[in-house]
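Number of protein chains: 2
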Amino acid sequence: MTGPRRDAIASIDFVQVLKATSQAVEDELARLVPASQALHGRIHEAMRYAVFAGGKRLRPFLVQQSAGLFGVDTVCALRVGAAIECLHTYSLVHDDLPCMDDDDLRRGRPTTHRAFDEATAVLAGDALLTVAFEILAGEATHPAAAVRCRLVEELATAAGRDGMIGGQMVDMLAAQRSFGADEIILLQRMKTGALFEFCCTAGAILGQAGAAEILRLREYARDIGLIFQITDDLLDVLSTADRTGKAVGKDAAAGKATLVSLWGVAAARTKAAELADHAIALMDPYGPSATELRALPRFLLERDS
Amino acid sequence: MTGPRRDAIASIDFVQVLKATSQAVEDELARLVPASQALHGRIHEAMRYAVFAGGKRLRPFLVQQSAGLFGVDTVCALRVGAAIECLHTYSLVHDDLPCMDDDDLRRGRPTTHRAFDEATAVLAGDALLTVAFEILAGEATHPAAAVRCRLVEELATAAGRDGMIGGQMVDMLAAQRSFGADEIILLQRMKTGALFEFCCTAGAILGQAGAAEILRLREYARDIGLIFQITDDLLDVLSTADRTGKAVGKDAAAGKATLVSLWGVAAARTKAAELADHAIALMDPYGPSATELRALPRFLLERDS
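Heads up: the sequence lines are chains L and D, in that order. Heads up: the first sequence at position 257 corresponds to 640 in this note's numbering, and the numbers run straight through without jumps. Heads up: the second sequence at position 52 corresponds to 435 in this note's numbering, and the numbers run straight through without jumps.
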């Protein structure tokens, strides 16, 4: 079998695996974020509206695949994936608020504050953030309490004041001053990269792997995070709202510099391809168990939504 | 020494202990919520603005005192107290938002979204909620990881969709329909009571006490929570903004029923006094180590802010 042929088959397999993980995460989320007939059932309804909005479930996929490198029980990885999806969803709900990015559309549907109201969206986001930690600390997540505590701490650090939230704070300043590429990369690492790093290292933490393994997966995550950001910026410039399911051309309209606006489309694509090569090479020690993690960078380069 | 004289001395001692705990919590929070010179330092600044706004630090006091019943290291209790204060502060910051209660004043100062801006207030609240779990999961909180996991789970449950957040959701519906006393008590138990329950049981969890002890402290917490709510409603009716440092008469203006509006001032006071007697009796098994927990109900009955 020739190289390209093998790549094409791997790509079909990859999409199948991604879809299967996505379905398993949906099922897990259905159990962990149920509806409620209580007086306050509206909060559950809003949480479910936000969390069951489709999406690739890329973050749970990263947890699942990194866990696979260390022989971790898929049930454990699935719970961590569900927790991260709750946390990721909260960040989208709050970012979409009128006082933040003021978005009406998310994945082709009204944003949570448009479908419900602003107060309910704030509370639903708060509840999704809270339940993420509840899930991680729960006994079913891992037999060792020390592992569960570490996951809580790592996620809180990645998502907190010096991670995702700090990144969102910087992003709000980005329209007011001109950022260079280094600052944009730092911003990206905080705003979205930290969560990718959590996802990729979570598998190693669940598998109680050593510091060197965690470092390697963190490096992989950094590559993936930056590829994701560059391809996101490319889609913002080149795609249509119809395809991505959200407003496009927003960064330019807001006067925000991006890596694509600074480097140009061609150079950004080259940089993303280099990062993909680097990420793939990092998976060398893991053999066949890293097949999907080797396929992911190329998948991101080729994504159209 | 006669009864009344002993009571008066106990009351002076109580205020001293409350103040000492408050100071210790301030010091702990200064370490755990530091300033930052980073690009995103504004988020740290807003967190600190919200968290260092004075207040009695009643919740950390409850943790400290319940921990004292079980011989728990005060350093552990102090960290849990700091975590709960971060979480309590987040709830105030988000509740004050224009889309929620739309308050301009909190403890005599502009609310966080007035002092900064709405987006920063949303993010500062998110960050305070996140750091609460980071603190609880940290090794310094307790030598046993299982205890730290339990604290994370219990706090997430108390503060989450079926606890504090669910209560806030119900509260938003309260102006639209007329609630009876039972519904108001349920609302109170969710909105503020669940967090009091966490504080009082946290000491027992830190001390790895049995289920019966935890149940007893939970019952005490329910009494305290309801006394707190009744006296809050009384202050809303009878006090001035100057004394409480926040807007008063708001419930009546919003057409919200309260226990005081349903029962009348005199009956509400009688009910609160009965709850105080019950709470004090619950502390019988603990002898002198429960002195402050026996003094607290009376202190709440007599508070004027």
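Note that the Cβ used here is the ideal one computed from N, Cα and C, for glycine as well.
Buried versus exposed, by CB contacts within 10 Å (16 or more), residue i
| i | result |
| --- | --- |
| residue 402 of chain D | exposed |
| residue 596 of chain L | buried |
| residue 395 of chain L | exposed |
| residue 388 of chain D | The predicted model places residue 388 of chain D with a pLDDT of 46, which falls under 50 and marks its position as unreliable; any figure quoted below should be read in that light. Burial call: exposed. |
| residue 385 of chain L | In this prediction, residue 385 of chain L scores a pLDDT of 40, lower than 50, which makes its location untrustworthy; the coordinate-derived value is nonetheless stated afterwards. Under this definition residue 385 of chain L is an exposed residue. |
| residue 455 of chain L | buried |
| residue 447 of chain L | buried |
| residue 680 of chain D | buried |
| residue 617 of chain D | buried |
| residue 542 of chain L | buried |
| residue 410 of chain D | exposed |
| residue 435 of chain L | exposed |
| residue 433 of chain L | buried |
| residue 405 of chain D | buried |
| residue 458 of chain D | exposed |
| residue 653 of chain D | exposed |
| residue 502 of chain L | buried |
| residue 671 of chain D | exposed |
| residue 571 of chain D | buried |
| residue 621 of chain D | exposed |
Residue-chain proximity (residue i, chain D), Cβ-Cβ < 9 Å
| i | result |
| --- | --- |
| residue 432 of chain L | no |
| residue 622 of chain L | no |
| residue 545 of chain L | yes |
| residue 582 of chain L | no |
| residue 427 of chain L | yes |
| residue 486 of chain L | no |
| residue 472 of chain L | no |
| residue 411 of chain L | no |
| residue 592 of chain L | no |
| residue 586 of chain L | no |
Where the alpha helix (DSSP H) through residue i begins and ends
| i | result |
| --- | --- |
| residue 685 of chain D | 674-685 |
| residue 503 of chain L | 501-520 |
| residue 644 of chain D | 642-646 |
| residue 555 of chain D | 547-557 |
| residue 578 of chain L | 577-589 |
| residue 432 of chain D | 424-434 |
| residue 449 of chain D | 441-451 |
| residue 460 of chain D | 457-478 |
| residue 603 of chain D | 594-621 |
| residue 535 of chain D | 528-542 |
| residue 418 of chain D | Residue 418 of chain D -> no alpha helix (DSSP H), and no H or E assigned at all. |
| residue 495 of chain L | 495-498 |
| residue 523 of chain L | Here residue 523 of chain L belongs to no alpha helix (DSSP H), and DSSP marks it neither H nor E. |
| residue 565 of chain D | 564-571 |
Beta-carbon proximity list for residue i, same chain, < 7 Å, skipping 5 on both sides
| i | result |
| --- | --- |
| residue 655 of chain D | 610, 613, 614, 684 |
| residue 487 of chain D | 493, 494, 497 |
| residue 506 of chain D | 426 |
| residue 691 of chain L | Residue 691 of chain L lies beyond the stretch modelled for chain L, which goes from 384 to 688, so this question has no answer here. |
| residue 508 of chain L | 473, 476, 477 |
Cutoff 9 Å: residue i Cβ touching any chain L Cβ
| i | result |
| --- | --- |
| residue 479 of chain D | no |
| residue 463 of chain D | no |
| residue 522 of chain D | yes |
| residue 423 of chain D | yes |
| residue 644 of chain D | no |
| residue 491 of chain D | no |
| residue 458 of chain D | no |
| residue 419 of chain D | yes |
| residue 531 of chain D | yes |
| residue 500 of chain D | yes |
| residue 389 of chain D | Low confidence applies to residue 389 of chain D: its pLDDT is 48, below 50, so where it sits in the model is not reliable enough to give any reading. |
| residue 551 of chain D | yes |
Residues of its chain near residue i, where Cβ-Cβ distance is below 6 Å and the 5 sequence neighbours each way are ignored
| i | result |
| --- | --- |
| residue 484 of chain L | 478 |
| residue 511 of chain L | 430, 469, 472, 473 |
| residue 557 of chain L | 639 |
| residue 676 of chain D | 448, 666 |
| residue 463 of chain L | 446, 585 |
Expected contact under 8 Å - CB spacing of residue i and residue j to nearest Å
| i | j | result |
| --- | --- | --- |
| residue 452 of chain L | residue 604 of chain L | Actually they do not touch by this definition, with Cβ atoms about 13 Å apart. |
| residue 450 of chain L | residue 412 of chain L | The pair is not a contact, with the Cβ atoms about 17 Å apart (cut-off 8 Å). |
| residue 536 of chain L | residue 520 of chain D | 5 Å |
| residue 422 of chain D | residue 553 of chain L | 5 Å |
Residues near residue i in its chain [Cβ-Cβ closer than 8 Å; skip 5 each side]
| i | result |
| --- | --- |
| residue 547 of chain L | 474, 541, 573, 574, 575, 577, 578 |
| residue 544 of chain D | none |
| residue 467 of chain D | 442, 443, 446, 515, 538, 578, 581, 582, 585 |
| residue 599 of chain L | 665, 668 |
| residue 532 of chain L | 520 |
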